[in-house]
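*Asks:* Sequence order for the protein chains is Z and L. Read in order, the letters of the first sequence are residues 0 to 323 in the working numbering. Read in order, the letters of the second sequence are residues 0 to 323 in the working numbering.
There are 2 protein chains.
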Amino acid sequence: MYSFIELQNTINNEIRQLEFGNNPSELYQPISYTIDAGGKRMRPILVLAACNLFSDNIKIAISPALAMEVFHNFTLLHDDLMDKAEVRRNRPTVHKKWNDNIAILSGDAMLIKAYQLIVKAPSKNLAPIIELFNQTALEVCEGQQYDMNFEERTDVSEDEYIEMIRLKTSVLVAASLKIGALCADANEKDAQNLYDFGVNLGLAFQLQDDYLDTYGNPDTFGKKIGGDIIANKKTYMLIKAQELAKGEQAETLKLLITKNSVAPDEKINKIIQIYNNLNIKMLVKDKMNFYYQLAIDSFNSVNVDAEKKSVLKDLANKLMERES
Amino acid sequence: MYSFIELQNTINNEIRQLEFGNNPSELYQPISYTIDAGGKRMRPILVLAACNLFSDNIKIAISPALAMEVFHNFTLLHDDLMDKAEVRRNRPTVHKKWNDNIAILSGDAMLIKAYQLIVKAPSKNLAPIIELFNQTALEVCEGQQYDMNFEERTDVSEDEYIEMIRLKTSVLVAASLKIGALCADANEKDAQNLYDFGVNLGLAFQLQDDYLDTYGNPDTFGKKIGGDIIANKKTYMLIKAQELAKGEQAETLKLLITKNSVAPDEKINKIIQIYNNLNIKMLVKDKMNFYYQLAIDSFNSVNVDAEKKSVLKDLANKLMERES
Numbered sequence: 000m001y002s003f004i005e006l007q008n009t010i011n012n013e014i015r016q017l018e019f020g021n022n023p024s025e026l027y028q029p030i031s032y033t034i035d036a037g038g039k040r041m042r043p044i045l046v047l048a049a050c051n052l053f054s055d056n057i058k059i060a061i062s063p064a065l066a067m068e069v070f071h072n073f074t075l076l077h078d079d080l081m082d083k084a085e086v087r088r089n090r091p092t093v094h095k096k097w098n099d100n101i102a103i104l105s106g107d108a109m110l111i112k113a114y115q116l117i118v119k120a121p122s123k124n125l126a127p128i129i130e131l132f133n134q135t136a137l138e139v140c141e142g143q144q145y146d147m148n149f150e151e152r153t154d155v156s157e158d159e160y161i162e163m164i165r166l167k168t169s170v171l172v173a174a175s176l177k178i179g180a181l182c183a184d185a186n187e188k189d190a191q192n193l194y195d196f197g198v199n200l201g202l203a204f205q206l207q208d209d210y211l212d213t214y215g216n217p218d219t220f221g222k223k224i225g226g227d228i229i230a231n232k233k234t235y236m237l238i239k240a241q242e243l244a245k246g247e248q249a250e251t252l253k254l255l256i257t258k259n260s261v262a263p264d265e266k267i268n269k270i271i272q273i274y275n276n277l278n279i280k281m282l283v284k285d286k287m288n289f290y291y292q293l294a295i296d297s298f299n300s301v302n303v304d305a306e307k308k309s310v311l312k313d314l315a316n317k318l319m320e321r322e323s
Numbered sequence: 000m001y002s003f004i005e006l007q008n009t010i011n012n013e014i015r016q017l018e019f020g021n022n023p024s025e026l027y028q029p030i031s032y033t034i035d036a037g038g039k040r041m042r043p044i045l046v047l048a049a050c051n052l053f054s055d056n057i058k059i060a061i062s063p064a065l066a067m068e069v070f071h072n073f074t075l076l077h078d079d080l081m082d083k084a085e086v087r088r089n090r091p092t093v094h095k096k097w098n099d100n101i102a103i104l105s106g107d108a109m110l111i112k113a114y115q116l117i118v119k120a121p122s123k124n125l126a127p128i129i130e131l132f133n134q135t136a137l138e139v140c141e142g143q144q145y146d147m148n149f150e151e152r153t154d155v156s157e158d159e160y161i162e163m164i165r166l167k168t169s170v171l172v173a174a175s176l177k178i179g180a181l182c183a184d185a186n187e188k189d190a191q192n193l194y195d196f197g198v199n200l201g202l203a204f205q206l207q208d209d210y211l212d213t214y215g216n217p218d219t220f221g222k223k224i225g226g227d228i229i230a231n232k233k234t235y236m237l238i239k240a241q242e243l244a245k246g247e248q249a250e251t252l253k254l255l256i257t258k259n260s261v262a263p264d265e266k267i268n269k270i271i272q273i274y275n276n277l278n279i280k281m282l283v284k285d286k287m288n289f290y291y292q293l294a295i296d297s298f299n300s301v302n303v304d305a306e307k308k309s310v311l312k313d314l315a316n317k318l319m320e321r322e323s
């Protein structure tokens with residue numbers, strides 16, 4: 000059984016050795032630039048950890064693990080372009096460092112590269128692995144489209160929001176776990192329980208992201224508190240506040256998110272005050288814990304010795320305790 | 000054995016039945032809009048025709064045939080965005096009808112849809128089929144990047160140009176033929192000869208595109224003669240003219256393609272005059288015929304009864320006689 004650190008080192012080492020191509024350099028340099036920027040490498044580690052539940056041979060899952068990381072980074076590259084984000088991991092985004100066309104085309108090539116890696120999965124279970132990969136990739140696109148649609152709307156419901164983050168974030172976490180299990184020839188029930196673990200963990204994780212933006216520790220959060228508030232992002236917090244605010248408070252909230260005349264710090268303070276009055280902090284924590292508990296229930300149903308499960312259990316725990 | 004018309008009807012019928020998805024409509028409508036716009040359906044017909052050389056059962060090649068058409072249309076969708084093209088097949092392009100972000104994301108989803116179709120190829124030869132599809136998809140991206148790079152350059156050589164059109168256009172024609180053959184379990188030698196037939200036919204076809212833009216029959220060409228000249232597109236014609244023009248003629252040509260002060264019709268007339276003086280018409284026809292002959296040589300090496308080859312032979316012939 001591999002420890003978390005061993006899995007992490009394996010992935011980091013494999014990523015360092017990835018070669019995407021040389022010419023034309025405008026096509027391939029942005030791919031290396033994107034993947035070399037770092038990140039938690041959560042998805043490929045989940046692939047290996049899930050594989051390791053059922054097999055001592057994690058080598059069979061390395062290419063699929065890399066596929067998930069390359070795919071994830073492809074979505075960041077294109078999403079940053081669509082969101083006009085200028086900075087990612089403290090460096091200019093690809094469309095800022097190069098240009099929009101290079102971001103489009105190198106992203107396309109990166110998606111194809113992810114396919115080159117996923118088809119190296121063990122041939123015995125290649126068909127269900129590719130099928131899940133395809134379905135997941137489409138769902139991530141659907142999630143991004145809903146996210147963009149929501150920017151234009153002020154009436155997004157809680158259910159719609161949860162479905163959007165399920166598609167945009169959770170299914171990729173879930174697919175990483177299930178693909179790792181399928182690489183090790185796990186049975187369908189265990190593989191599906193890992194998928195459900197991943198979906199619910201992903202939802203809890205995204206809700207925590209929303210929570211930390213407002214209630215994170217400014218010393219450890221890494222970015223300025225209130226970024227989502229300034230951007231009028233439809234987070235779980237804002238959606239609940241819009242749902243619960245009545246009368247004058249509802250009017251104030253509406254003014255704060257539609258008028259641009261309020262100074263940023265004042266806007267953050269006033270909206271947090273509304274959140275506090277409406278007990279949003281407790282609501283988002285409850286919702287996080289709800290999905291976290293669903294995740295743990297699914298994980299507990301995976302039919303594997305408890306000792307083998309410690310890495311994934313610790314990882315899930317650690318993700319929920321993070322402050323950044 | 001199926002006739003060309005039967006293959007065409009089969010493909011048109013299958014394309015009509017393709018379903019991409021419903022929600023979010025902003026993601027899926029542009030995909031249907033793009034694929035429904037029509038076109039010659041040359042690539043999927045080539046897949047079926049190549050399959051039919053070796054097997055009476057063309058059903059096994061239908062999904063891969065559709066994959067090639069969906070992939071081709073994905074490249075048109077993203078290329079039109081990158082090239083800022085406003086019209087395709089007499090309709091507004093996706094980024095004009097919707098917006099840039101929808102063009103990026105629906106294109107991504109379309110590429111994934113192509114993968115959903117290609118993985119339905121016969122499982123016996125799925126591995127080499129997907130490998131060729133991946134390699135081809137990357138090469139098409141490389142070709143598009145070179146094409147964009149060439150727009151910024153005035154010193155593109157003939158060899159560089161041929162390599163660019165090989166990547167951007169020919170390899171997809173070639174892969175369509177080889178994938179059709181692999182679906183029918185053709186041997187590697189025949190499959191490779193069909194690939195070489197496709198590469199060279201694709202080169203001849205693209206050179207003919209360049210030729211028709213200048214020397215096409217205005218009544219049947221379908222668009223205005225000289226579009227490439229106005230856009231300063233580095234066609235085979237312009238590259239040869241730059242290579243061969245000397246002295247005063249070279250100066251005139253340089254002025255015409257760098258200064259925007261000359262009226263469009265005058266620019267077209269003056270550049271065609273230079274082409275005529277330098278005998279460019281003959282040079283491009285010779286080059287077309289050179290690649291067409293290479294194509295026919297490879298095709299003749301495919302070890303299949305002559306009667307079975309008539310559909311592809313006629314198709315190649317017809318492509319070279321077209322006037323639009």
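Using N, Cα and C, we set each Cβ at its ideal position, and we do this for glycine too.
How long is the line joining the alpha carbons of Z/V303 and Z/A174, rounded to whole angstroms?
*Replies:* Along the first sequence, read from residue 1 onward, the residue named residue 303 of chain Z stands at position 304. Along the first sequence, read from residue 1 onward, the residue named residue 174 of chain Z stands at position 175. Approximately 19 Å between the Cα atoms of the pair.
*Asks:* Am I right that L/M147 and L/M81 are in contact with their C-beta atoms under 8 Å? What's the rounded C-beta distance?
*Replies:* Within the second sequence, numbered from 1, the residue matching residue 147 of chain L stands at position 148. Within the second sequence, numbered from 1, the residue matching residue 81 of chain L stands at position 82. Confirmed, Cβ separation roughly 7 Å.
*Asks:* Just verifying my parser: in three-state terms, what is the DSSP assignment at Z/V172?
*Replies:* Start at 1 with the first residue of the first sequence, and residue 172 of chain Z comes out as number 173. Note: Z/V172 maps to helix in three-state DSSP.
*Asks:* So, for Z/A49: in the same chain, excluding its five sequence neighbours on each side, which residues have a beta-carbon less than 6 Å away from its beta-carbon?
*Replies:* Along the first sequence, read from residue 1 onward, the residue named residue 49 of chain Z stands at position 50. Cβ neighbours of Z/A49 beyond the five flanking positions: L176, G179, A180 and L193.
*Asks:* Among L/A66, L/R152, L/H77 and L/M236, which residue has its Cα nearest to the Cα of L/P29?
*Replies:* Along the second sequence, one-based indexing puts residue 29 of chain L at 30. Among L/A66, L/R152, L/H77 and L/M236, the Cα nearest to that of L/P29 is on L/H77.
*Asks:* Using CA atoms only, rank isn't needed, just tell me which of Z/N231, Z/P127 and Z/D209 is closest to Z/C182.
*Replies:* Position 183 of the first sequence, counting from 1, holds the residue named residue 182 of chain Z. Looking at the Cα atoms, Z/P127 is the closest of the given residues.
*Asks:* What residue range does the alpha helix (DSSP H) around Z/G246 cover?
*Replies:* By 1-based counting over the first sequence, the position of residue 246 of chain Z is 247. Start and end: G246 to T257.
*Asks:* Mind pulling the beta strand (DSSP E) runs of 3 or more residues that sit fully within the stretch 47-75 of chain Z?
*Replies:* Here no run is fully enclosed.
*Asks:* Given a threshold of 16 other Cβ atoms within 10 Å of its Cβ, counted over all protein chains shown, does Z/Q272 qualify as buried or as exposed?
*Replies:* For the purposes of this step, residue 272 of chain Z is identified with residue 273 of the first sequence, where counting begins at 1. Burial call: exposed.
*Asks:* Any heavy atom of the ligand MN within a distance shorter than 8 Å of the CB on L/L104?
*Replies:* By its list of ligands, the structure shown contains no ligand whatsoever, and the ligand MN lies outside what it can speak to.
*Asks:* Identify the contact partners of L/P63 in chain Z, using a Cβ-Cβ distance below 8 Å as the criterion.
*Replies:* Position 64 of the second sequence, counted from the first residue, corresponds to residue 63 of chain L. Result: empty, since nearest Cβ-Cβ is about 14 Å, beyond 8 Å.
*Asks:* Looking only at its own chain, which residues have a Cβ that is under 8 Å from the Cβ of Z/R40, when we skip the five neighbours before and after it?
*Replies:* For this step, residue 40 of chain Z is matched to residue 41 along the first sequence. Counting only Cβ-Cβ distances below 8 Å, and skipping sequence neighbours, we find Q7, I10, N11, I14 and E68.
*Asks:* List the whole-angstrom C-beta distance separating Z/V301 from Z/D189, where the pair is believed to meet the contact cut-off of C-beta under 8 Å.
*Replies:* Numbered from its first residue, the first sequence carries residue 301 of chain Z at position 302. Numbered from its first residue, the first sequence carries residue 189 of chain Z at position 190. That belief holds up - the Cβ atoms of Z/V301 and Z/D189 are roughly 5 Å apart, short of 8 Å.
*Asks:* Which of the residues in the stretch 61-86 of chain L, read from start to end, lie with their CB under 8 Å from any CB of chain Z?
*Replies:* Against chain Z - using a Cβ distance shorter than 8 Å - the residues of the stretch 61-86 of chain L are H77, L80 and M81.
*Asks:* Pick from Z/Q134, Z/A102 and Z/N100: whose alpha carbon is nearest that of L/Q115?
*Replies:* Locating residue 115 of chain L in the second sequence gives position 116, where the first residue counts as 1. Minimum Cα distance to L/Q115 is reached at Z/Q134.
*Asks:* Which residues, in order along the stretch 135-151 of chain Z, keep a beta-carbon less than 8 Å from a beta-carbon of chain L?
*Replies:* From the stretch 135-151 of chain Z, only A136, L137, C140, E141, Q143, Q144, Y145, M147 and N148 have a Cβ closer than 8 Å to chain L.
*Asks:* Pick out whichever of L/N199, L/D154 and L/T153 has its Cα sitting closest to the Cα of L/R165.
*Replies:* Position 166 of the second sequence, counted from the first residue, corresponds to residue 165 of chain L. Nearest C-alpha to L/R165: L/N199.
*Asks:* Restricting to Cα atoms, I'd like to know which of Z/E159, Z/D184, Z/N98 and Z/H71 is closest to Z/L137.
*Replies:* Taking the first residue of the first sequence as 1, we reach residue 137 of chain Z at position 138. Ranking Z/E159, Z/D184, Z/N98 and Z/H71 by Cα distance to Z/L137 puts Z/H71 first.
*Asks:* Using the beta-carbon of each residue, which ones in chain Z are nearer than 8 Å to L/V118?
*Replies:* For the purposes of this step, residue 118 of chain L is taken as the residue at position 119 of the second sequence. Residues of chain Z passing the Cβ test: A126, I129, E130 and N133.
*Asks:* Is the CB-CB distance between L/V139 and L/V170 below 9 Å?
*Replies:* Within the second sequence, numbered from 1, the residue matching residue 139 of chain L stands at position 140. Within the second sequence, numbered from 1, the residue matching residue 170 of chain L stands at position 171. Their beta carbons are under 9 Å apart, which means L/V139 touches L/V170 by this criterion.
*Asks:* Give me the Cα-Cα distance between L/M236 and L/R152, rounded to the nearest whole angstrom.
*Replies:* To locate residue 236 of chain L, count along the second sequence from 1; it is residue 237. To locate residue 152 of chain L, count along the second sequence from 1; it is residue 153. Their Cα atoms are separated by approximately 16 Å.
*Asks:* Between L/S184 and chain Z, is there a C-beta pair that is closer than 9 Å?
*Replies:* On the second sequence, position 185 is the one that residue 184 of chain L refers to. Residue 184 of chain L is actually Asp in this sequence, not Ser. Output row for L/D184: interface = no.
*Asks:* Under the rule that 16 or more other beta-carbon atoms within 10 Å means buried, what is Z/G246, buried or exposed?
*Replies:* As a position in the first sequence, residue 246 of chain Z is number 247, starting the count at 1. Exposed.
*Asks:* For Z/K95 and Z/D79, I'd like the C-alpha separation in whole angstroms.
*Replies:* As a first step, residue 95 of chain Z must be located in the first sequence, where it is residue number 96. As a first step, residue 79 of chain Z must be located in the first sequence, where it is residue number 80. Going by the C-alpha atoms only, they are around 10 Å apart.
*Asks:* By Cβ distance, which residues of its chain are closer than 6 Å to L/L337, with the 5 residues on each side in sequence left out?
*Replies:* This structure leaves residue 337 of chain L out entirely; chain L is present only between 0 and 323.
*Asks:* Can you name the residues of chain Z whose CB is closer than 7 Å to the CB of L/P23?
*Replies:* On the second sequence, position 24 is the one that residue 23 of chain L refers to. What L/P23 touches in chain Z: E141, Q144, Y145 and N148.
*Asks:* Quick one: using the 10 Å Cβ neighbour count with 16 as the cut-off for buried, is Z/E265 buried or exposed?
*Replies:* Translated into the one-based positions of the first sequence, residue 265 of chain Z becomes position 266. Label assigned to Z/E265: exposed.
*Asks:* Taking 9 Å as the CB-CB cut-off, is L/G106 touching chain Z?
*Replies:* As a position in the second sequence, residue 106 of chain L is number 107, starting the count at 1. Closer than 9 Å: yes.
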